[in-house]
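Below: the structure, in structure tokens.
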Amino acid sequence: MSNQANRLEWSARTGGDLEYVAMLRNSEITSTIIPPTQREQLSILNHLPRWDLDNKIHTLFTKDKWPQLSPEGYSLLLPALRIASKFMTEPSLLGWWRHTLFGHPISVEGKRYLAHSEYEHTADANRRLREFLEKILPQGLRFKFHNLDKMGLGIDACTFGTEATYQQFQCGHEAGYTYPFYDKPTVVLHIQFWVSLVVVEHKFPTELNTLYLKIAITLCHELAHLVWKYRIQMELPPWSPHKAFAEPLHTKDERVAELGLSWELHVFGGKLSTIDWPGTSITIYLYGSNLGNSPSRQIAVIVPNWWINIWSSTHTWHNFAKFRATGQLRLPTEAESGYALHNRALGNTTVWSLYHEGRPILHHCRRPDQSTRCFWVVMRPFIQKLSAQYEARTAALALDSDETGGKPRQPLSCAMLFASNFHGLFVAPDFVDHLSPDSLRQKVAGANLCRYPCPQLRLQQNQQNAPPVQPEDEMLDSHVP
Numbered sequence: 130m131s132n133q134a135n136r137l138e139w140s141a142r143t144g145g146d147l148e149y150v151a152m153l154r155n156s157e158i159t160s161t162i163i164p165p166t167q168r169e170q171l172s173i174l175n176h177l178p179r180w181d182l183d184n185k186i187h188t189l190f191t192k193d194k195w196p197q198l199s200p201e202g203y204s205l206l207l208p209a210l211r212i213a214s215k216f217m218t219e220p221s222l223l224g225w226w227r228h229t230l231f232g233h234p235i236s237v238e239g240k241r242y243l244a245h246s247e248y249e250h251t252a253d254a255n256r257r258l259r260e261f262l263e264k265i266l267p268q269g270l271r272f273k274f275h276n277l278d279k280m281g282l283g284i285d286a287c288t289f290g291t292e293a294t295y296q297q298f299q300c301g302h303e304a305g306y307t308y309p310f311y312d313k314p315t316v317v318l319h320i321q322f323w324v325s326l327v328v329v330e331h332k333f334p335t336e337l338n339t340l341y342l343k344i345a346i347t348l349c350h351e352l353a354h355l356v357w358k359y360r361i362q363m364e365l366p367p368w369s370p371h372k373a374f375a376e377p378l379h380t381k382d383e384r385v386a387e388l389g390l391s392w393e394l395h396v397f398g399g400k401l402s403t404i405d406w407p408g409t410s411i412t413i414y415l416y417g418s419n420l421g422n423s424p425s426r427q428i429a430v431i432v433p434n435w436w437i438n439i440w441s442s443t444h445t446w447h448n449f450a451k452f453r454a455t456g457q458l459r460l461p462t463e464a465e466s467g468y469a470l471h472n473r474a475l476g477n478t479t480v481w482s483l484y485h486e487g488r489p490i491l492h493h494c495r496r497p498d499q500s501t502r503c504f505w506v507v508m509r510p511f512i513q514k515l516s517a518q519y520e521a522r523t524a525a526l527a528l529d530s531d532e533t534g535g536k537p538r539q540p541l542s543c544a545m546l547f548a549s550n551f552h553g554l555f556v557a558p559d560f561v562d563h564l565s566p567d568s569l570r571q572k573v574a575g576a577n578l579c580r581y582p583c584p585q586l587r588l589q590q591n592q593q594n595a596p597p598v599q600p601e602d603e604m605l606d607s608h609v610p
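Heads up: the sequence shown is residues 130 to 610, going by the numbering used here.
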């Protein structure tokens with residue numbers, strides 16, 4: 130790099146951490162207007178009335194599949210389930226599922242992948258796939274919410290093909306292979322999704338649309354794993370070696386044998402993540418070429434809100450095949466977005482930096498994959514206290530009305546308590562924890578200025594005074610407005 134380029138790189142402000150999230154609250158990212166110069170065909174939606182999805186829910190996602198939820202709680206998920214139902218029924222997307230079920234597994238030069246078979250392109254394969262998705266896969270299927278952070282997995286969801294492996298998970302044990310490989314499947318979602326739906330107030334529709342899209346993607350991602358578990362149950366005897374159970378590459382060009390990721394790359398062309406910071410819903414994605422074997426430089430593009438909104442629009446899905454074939458639904462490039470996070474060498478260190486229109490504006494930003502669960506990790510102990518505070522206030526007001534004979538007053542909602550008591554914690558510019566860049570943590574530790582210790586430490590410190598926590602299967606609907 131030339132000296133002039135070096136000076137340009139270092140001209141950006143240092144000390145970013147999570148400040149970059151606030152910097153993305155601007156019209157370039159939050160605009161819901163589809164840019165006509167970039168998406169000429171798609172931009173017709175700008176001139177049509179907004180018509181949100183109202184399609185039928187696929188049998189994979191009907192109310193009986195969610196045993197934890199009341200009818201009121203289930204209704205909160207419906208917008209996300211409508212998007213997921215579209216993903217599972219759109220004809221132009223079903224080829225990926227046919228290939229997963231009927232592709233021919235082969236090994237070439239150390240790569241184990243699914244080769245195309247003539248059968249998967251037949252009418253009979255279409256019939257069998259439809260029967261599988263509508264009748265076979267839904268049998269015994271359950272979706273549940275759990276706190277996955279306590280497992281130390283760092284994931285949004287996980288899938289269990291059998292009741293035995295799910296019970297191992299509930300008991301805190303690592304789930305190993307059991308036979309049968311598939312009997313009563315369970316998909317577990319991070320309870321953070323539920324908290325984001327019920328507790329957090331969303332000021333703008335796009336914030337909810339971001340959450341709905343992320344839930345829909347996560348559901349389909351996990352179903353991709355279940356499809357393979359079902360297939361190996363049909364094909365492998367119980368004495369097969371464990372490596373035979375492993376997922377193959379979906380195509381020989383993929384780098385990672387991860388069918389959920391493969392589905393996301395097939396539909397979107399990138400791996401999407403959501404930064405769930407209070408008051409902000411930011412979606413980012415890594416380039417497909419950035420996934421797997423890490424290159425020397427990674428780029429995470431910030432996704433504008435107009436792209437998020439198109440997936441919950443009926444007009445988009447009415448013209449889906451045409452829009453997809455002409456590239457109108459592709460993820461925005463860095464040039465189209467204007468903003469991206471770059472991971473590259475600066476001097477003797479490697480940092481993530483926020484770029485705007487190709488130039489760095491903020492260095493030492495938190496890694497994108499470690500910015501996505503900040504809300505839940507930090508807020509769990511506070512949410513527990515808020516729940517107890519809400520219940521105590523409700524009981525006190527009810528008692529007061531009984532004694533005075535007056536009309537009972539309505540207590541503040543959990544969301545209002547959250548907004549009034551703890552929002553300042555997240556907008557503080559000097560929030561530094563164990564996920565912050567090393568340079569910032571060392572600087573803060575040296576100056577003894579860290580206002581907030583590691584979230585796990587805070588959780589341990591608060592557990593002594595925290596109210597009893599309800600079992601997760603019972604707690605979900607207790608805070609539904």
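We put the CB at the ideal spot given by N, CA and C, even for glycine.
| Secondary structure, beta strand (DSSP E): runs of 3+ residues fully inside the region 468-494 | DSSP runs (the beta strand (DSSP E)) wholly in the region 468-494: 468-475, 478-485, 488-494.
| request: Look at VAL316 and LEU277 and say whether their C-beta atoms are less than 9 Å apart. | output: Not closer than 9 Å, so no.
| With which residues is ARG271 paired in a DSSP beta bridge? | Beta-bridge annotation (DSSP): ARG271 is paired with THR315.
| Beta-carbon proximity check, ALA386 vs LEU394, cutoff 9 Å | No, the pair does not count as a contact, with Cβ atoms beyond the cut-off.
| task | Let me know if ASP146 comes out buried or exposed under the rule of 16 or more other beta-carbons within 10 Å of its beta-carbon. | result | A residue is called buried when at least 16 other Cβ atoms come within 10 angstroms of its Cβ; ASP146 meets this threshold and is buried.
| Would ILE212 be called buried (16 or more neighbouring beta carbons within 10 Å of its own) or exposed? | Using a 10 angstroms sphere on the CB of ILE212, the tally of other CB atoms reaches 16 or more, which defines it as buried.
| query | Hey, is the region 431-451 in contact with the region 153-163, meaning 3+ C-beta pairs nearer than 8 Å? | reply | Segment contact: the region 431-451 against the region 153-163, three or more CB-CB distances shorter than 8 Å; contact assigned.
| Is there contact here, the region 466-481 with the region 238-246, by at least three beta-carbon pairs under 8 Å? | Counting Cβ pairs under 8 Å, fewer than three are found: no touch.
| request: Compare the C-alpha of HIS275 against each of ASP285, ARG256, GLY398, PRO267 and name the closest. | output: It is ASP285 whose Cα lies nearest to the Cα of HIS275.
| field | Pairwise C-alpha distance: LEU342 and ARG453 | value | The straight-line gap from Cα to Cα measures roughly 17 Å.
| query | Given PHE374, which residues of its chain have a CB within under 8 Å of its CB, disregarding the five upstream and five downstream residues? | reply | Result list for PHE374: TYR306, PHE310, ILE361, LEU365, in chain order.
| query | When DSSP labels each residue in this structure, what does HIS552 get in the three-state scheme? | reply | Since pLDDT at HIS552 reaches only 42, below the 50 mark, its modelled position is unreliable, and the value read off the structure follows with that caveat. Under the three-state reduction of DSSP output, HIS552 falls in the helix class.
| query | How about MET152 and LEU189: are their beta carbons less than 9 Å apart? | reply | No, the Cβ-Cβ distance between MET152 and LEU189 is not below 9 Å.
| task | Measure the C-alpha to C-alpha separation of LEU205 and ASN477 and round it to an integer number of angstroms. | result | Cα-Cα distance, rounded: 49 Å.
| task | Entirely within the region 189-224 and at least 4 residues each: give me those alpha helix (DSSP H) ranges in chain order. | result | Qualifying alpha helix (DSSP H) stretches, in chain order: 200-218.
| said: So if DSSP puts ARG241 in a beta bridge, which residue, or which two residues, is it bridged to? | reply: For ARG241, which the question treats as bridged, DSSP gives the partners SER236.
| Applying the criterion that 16 or more other CB atoms from any shown protein chain within 10 Å of the CB defines a buried residue, is LEU270 buried or exposed? | LEU270 is buried by the Cβ-count criterion.
| query | So which of LYS273, ASP253, ALA353, THR291 has the shortest CA-CA distance to LEU198? | reply | Nearest option by C-alpha distance: LYS273.
| task | Tell me whether THR501 sits in a helix, a strand or coil according to DSSP, three-state version. | result | If DSSP states are grouped into helix, strand and coil, THR501 belongs with coil.
| query | Is the Cβ-Cβ distance between LEU390 and LYS400 less than 9 Å? | reply | LEU390 places its beta carbon less than 9 Å from that of LYS400.
| Three-state class that DSSP yields for VAL432 in the structure shown | Three-state DSSP puts VAL432 in a strand.
| request: Over the uninterrupted alpha helix (DSSP H) stretch that includes PHE397, give me the two end residues. | output: First-last for PHE397: undefined, no H or E at that position.
| field | Separation of GLN321 from LEU340, as counted between CA atoms | value | The alpha-carbon atoms of LEU340 and GLN321 are separated by roughly 11 Å.
| said: Using a Cβ-Cβ cutoff of less than 6 Å, which residues in the same chain neighbour TYR149 once the five nearest sequence positions on both sides are dropped? | reply: Excluding positions up to five away in sequence, the list reads LEU483, LEU491, CYS494.
| query | With distances taken between CB atoms, is the gap from ILE439 to LEU458 smaller than 9 Å? | reply | The Cβ atoms of ILE439 and LEU458 lie closer than 9 Å to each other.
| query | To the nearest whole angstrom, what separates the beta carbons of LEU230 and LEU258, a pair I think is in contact under 8 Å? | reply | Indeed they touch by this definition, with Cβ atoms about 6 Å apart.
| query | With 16 other CB atoms within 10 Å as the buried threshold, where does LEU348 fall? | reply | Its Cβ being crowded by 16 or more others within 10 Å, LEU348 is buried.
| query | What does a CB cutoff of less than 6 Å around ILE344 pick up in its chain, not counting 5 residues either side in sequence? | reply | Residues ALA209, PHE322 of the same chain have their beta carbon placed closer than 6 Å to that of ILE344, with the five preceding and five following residues left out of the count.
| Is the beta carbon of LEU388 less than 9 Å from the beta carbon of HIS354? | Yes. Within cutoff.
| query | Tell me which same chain residues have a C-beta within less than 6 Å of the C-beta of LYS185, skipping the five on either side of it? | reply | By the criterion of a C-beta distance shorter than 6 Å, LYS185 is surrounded by no residue of its chain, once the five residues flanking it on both sides are discounted.
| request: Would you mind working out which of LEU337, THR335, ASP312, HIS319 sits nearest VAL356, comparing C-alpha positions? | output: For VAL356, the nearest C-alpha among the options comes from ASP312.
| field | Whole-number beta carbon distance between TRP446 and LYS215, since they are thought to touch under 8 Å | value | The C-beta distance from LYS215 to TRP446 rounds to 5 Å, short enough to meet the 8 Å contact threshold.
| message | Alpha carbons only, please: which of GLN268, ARG227, LEU266 is nearest the one belonging to ALA252? | response | It is ARG227.
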